[in-house]
Amino acid sequence: MDLIEDRKRVLVYFQEKGIMVTKTALDLILDSSMGELLPKMVTQEVLDAGYLTENDVLKLIRKPERRKMDFEVYIPDIKAHSSVEDFQEMFTDRYERLKKIIVQSAEMRGTYTIKSAKKTQGKVKIVGMVSEVSTTKNGHKRLLLEDLDDSLIVFLLKGKGMNNELILEDEVLGVVGSISNTGKDPVLFADEVIRPDIPYKMIDEQKKDPVFVASLSDIHVGSKTFRENDFMKMVSWIKSSSEEASQLKYLILSGDVVDGIGVYPGQDKDLEILNPYEQYEKLAEYVNIIPEDVNIFIMPGNHDIVRLAEPQPVFSQKIKNFFNDNVTLLPNPYNLVLENKNVLVYHGMSLNDMIELVPGASYASVGSSIEELLKRRHLAPVYGGKTPIIPSKRDYHVIEQVPDIFITGHIHSFSQGNYRGVRYINASTWQSQTDYQKMMNFSPNPSIMTLFDLNSKTQIIKDFKES
Numbered sequence: 484m485d486l487i488e489d490r491k492r493v494l495v496y497f498q499e500k501g502i503m504v505t506k507t508a509l510d511l512i513l514d515s516s517m518g519e520l521l522p523k524m525v526t527q528e529v530l531d532a533g534y535l536t537e538n539d540v541l542k543l544i545r546k547p548e549r550r551k552m553d554f555e556v557y558i559p560d561i562k563a564h565s566s567v568e569d570f571q572e573m574f575t576d577r578y579e580r581l582k583k584i585i586v587q588s589a590e591m592r593g594t595y596t597i598k599s600a601k602k603t604q605g606k607v608k609i610v611g612m613v614s615e616v617s618t619t620k621n622g623h624k625r626l627l628l629e630d631l632d633d634s635l636i637v638f639l640l641k642g643k644g645m646n647n648e649l650i651l652e653d654e655v656l657g658v659v660g661s662i663s664n665t666g667k668d669p670v671l672f673a674d675e676v677i678r679p680d681i682p683y684k685m686i687d688e689q690k691k692d693p694v695f696v697a698s699l700s701d702i703h704v705g706s707k708t709f710r711e712n713d714f715m716k717m718v719s720w721i722k723s724s725s726e727e728a729s730q731l732k733y734l735i736l737s738g739d740v741v742d743g744i745g746v747y748p749g750q751d752k753d754l755e756i757l758n759p760y761e762q763y764e765k766l767a768e769y770v771n772i773i774p775e776d777v778n779i780f781i782m783p784g785n786h787d788i789v790r791l792a793e794p795q796p797v798f799s800q801k802i803k804n805f806f807n808d809n810v811t812l813l814p815n816p817y818n819l820v821l822e823n824k825n826v827l828v829y830h831g832m833s834l835n836d837m838i839e840l841v842p843g844a845s846y847a848s849v850g851s852s853i854e855e856l857l858k859r860r861h862l863a864p865v866y867g868g869k870t871p872i873i874p875s876k877r878d879y880h881v882i883e884q885v886p887d888i889f890i891t892g893h894i895h896s897f898s899q900g901n902y903r904g905v906r907y908i909n910a911s912t913w914q915s916q917t918d919y920q921k922m923m924n925f926s927p928n929p930s931i932m933t934l935f936d937l938n939s940k941t942q943i944i945k946d947f948k949e950s
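Residue numbering for the sequence shown is 484 to 950, as defined by our numbering.
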């Protein structure tokens with residue numbers, strides 16, 4: 484086609500196709516000598532709208548800027564068959580890393596080992612892992628606290644108001660109190676409980692253009708209740724290159740991206756696609772039309788075809804091959820470093836346990852449970868509940884790096900908050916209410932995308948539910 488560079492010929496070209504051209508779009512075409520690209524601007528979207536905008540033109544010159552990602556994806560060193568020694572190594576790693584955090588606080592300077600504390604009179608500071616929690620007949624809370632060499636009974640007295648302290652088995656905490664040797668064995672009467680906790684931090688407000696990371700979870704492709712229209716509406720929004728969409732650089736899918744099969748009895752009756760690999764192929768069809776300058780991260784959850792026990796490894800190469808090169812597969816959990824910010828991503832199976840243990844928590848209001856995980860600096864502080872764990876030499880659930888953003892999912896609830904400067908989100912599902920949820924009288928709030936600006940405290944909620 485000959486170059487069409489003058490204003491009149493450009494306008495006539497589009498008028499013949501029933502398309503109006505905005506002034507800014509026309510100026511951009513002429514200034515950039517884009518005559519040869521005119522046919523590519525006549526997309527079905529433009530024909531349906533009946534006009535061409537500046538954003539429509541920019542799509543053709545918006546070059547994908549693939550950013551070099553400076554991170555490694557680990558494959559956890561997990562054995563298929565675990566021994567008592569393997570569990571001991573994992574709990575030892577948990578204790579030592581969380582103790583290191585606790586003793587750095589001003590309140591815990593001069594910490595004793597339990598063995599040395601038992602030989603001391605008066606005030607002491609110790610760090611231990613809770614192995615037993617109970618309540619005495621007088622209403623005091625009784626703990627058995629262990630370190631690597633010894634154990635000690637600790638009382639949280641009702642009269643001091645400490646009996647209401649939420650103490651979980653297997654959490655690591657510091658205790659400040661007084662040793663008593665009046666009984667058969669020494670005991671500690673606590674004055675204060677010190678947790679690893681998140682230090683207060685300010686959210687950076689940088690004078691830079693926004694760089695958004697978006698959070699999705701529990702998409703459940705393959706299920707009859709997958710909200711395909713909502714999901715495609717979201718994908719179309721990303722492709723639209725509107726101002727916010729053009730500033731989206733990272734997209735995180737935090738588990739249960741397909742519905743799987745055999746997850747619960749009779750699941751096959753709820754599936755639109757029975758073959759789980761075909762479910763991933765269908766997911767890839769949606770994901771692969773997202774612009775390539777968006778870096779996409781996909782994590783497994785309990786519905787995905789990796790092992791159920793956490794930490795979960797990345798998907799197989801067979802699944803990876805379905806996706807474009809801008810897709811990176813993550814294990815569960817994982818700490819992403821994006822633009823020098825820590826984005827901690829966890830599918831969230833342990834929230835089932837926390838909702839039962841945290842007073843006032845529910846599936847509709849999960850924020851308090853998320854905050855209790857952050858206080859304990861551990862993603863699954865209670866062992867032996869509803870969260871299957873495979874032991875390894877390193878406890879991958881310890882929150883060693885303080886996150887700037889914390890993303891969970893799993894329970895199909897939408898909840899957001901800020902704990903001591905850590906922005907957190909329980910990401911929305913993309914599945915309608917299931918029969919199980921009806922039985923539990925729980926209604927999810929689906930089809931919501933959350934965008935976090937990595938350069939400021941700006942947070943945007945995009946609701947894609949069909950009206």
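Even for Gly, the Cβ is constructed at its ideal location relative to N, Cα and C.
None of the values given here were measured: they were computed from a predicted structure.
One thing to note: residue 645 has its Cβ within 8 Å of the Cβ of residue 673. Judged by DSSP in its simplified three-state form, residue 715 adopts helix. Rounded to whole angstroms, the gap between the alpha carbons of residue 619 and residue 642 is 13 Å. The Cβ atoms of residue 905 and residue 821 lie no closer than 8 Å to each other. Taken in chain order, the complete beta strand (DSSP E) segments of 3 residues or longer contained in the region 890-927 are 898-902 and 905-909.
DSSP places residue 946 within a strand segment (E or B) once states are collapsed to three.
Exclusion of the five residues before and after residue 682 leaves 885 and 903 as the residues of its chain whose Cβ lies within less than 8 Å of its Cβ. Within the same chain, Cβ atoms closer than 8 Å to the Cβ of residue 923 are found at 846, the five residues on either side in sequence being excluded. Within the region 776-828, the runs of beta strand (DSSP E) at least 3 residues long that lie entirely inside it are, in chain order, 778-782, 810-812, 817-821 and 824-828. When secondary structure is reduced to three states using DSSP, residue 673 falls in the strand class. Within the model, the alpha-carbon separation for residue 491 versus residue 503 is close to 13 Å.
721 is the residue among 721, 623 and 525 whose C-alpha sits nearest the C-alpha of residue 776. Around the beta carbon of residue 748, fewer than 16 other beta carbons sit within 10 angstroms, so the residue counts as exposed. An exposed status is given to residue 919, since fewer than 16 other beta-carbon atoms sit within 10 Å of its beta-carbon. By the neighbour-count criterion, in which a residue is buried when 16 or more other Cβ atoms sit within 10 angstroms of its Cβ, residue 532 is exposed. Assignment of residue 491 by DSSP, reduced to helix, strand and coil, places it in the helix class.
Residue 701 and residue 805 have their C-alpha atoms some 19 Å from each other. Under the DSSP assignment, residue 618 falls in the beta strand (DSSP E) whose first and last residues are 605-618. Going by C-alpha positions, residue 662 is about 15 Å away from residue 593. Within a 10 Å sphere around the beta-carbon of residue 944 sit fewer than 16 other beta-carbons, which makes this residue exposed. Comparing C-alpha distances from residue 639 to each of 508, 844 and 617 shows the shortest one belongs to 617. Annotated three-state conformation of residue 509 is helix, per DSSP. In the three-state reduction of the DSSP assignment, residue 592 falls in the coil class, being assigned neither a helical nor a strand state.
Taken through DSSP and simplified to helix, strand or coil, residue 624 comes out as strand. Judged by pairs of C-beta atoms under 8 Å, the region 870-878 touches the region 785-803, as three or more such pairs exist. Taken in chain order, the complete beta strand (DSSP E) segments of 3 residues or longer contained in the region 654-702 are 655-663, 670-677 and 695-699.
Two segments are said to touch when three or more pairs of C-beta atoms, one from each, lie closer than 8 Å; by this definition the region 835-844 touches the region 852-863. Proximity to residue 713 across 941, 931, 668 and 798 peaks at 931, based on C-alpha coordinates. Here the C-alpha atom of residue 731 lies approximately 24 Å from the C-alpha atom of residue 797. Assignment of residue 765 by DSSP, reduced to helix, strand and coil, places it in the helix class.
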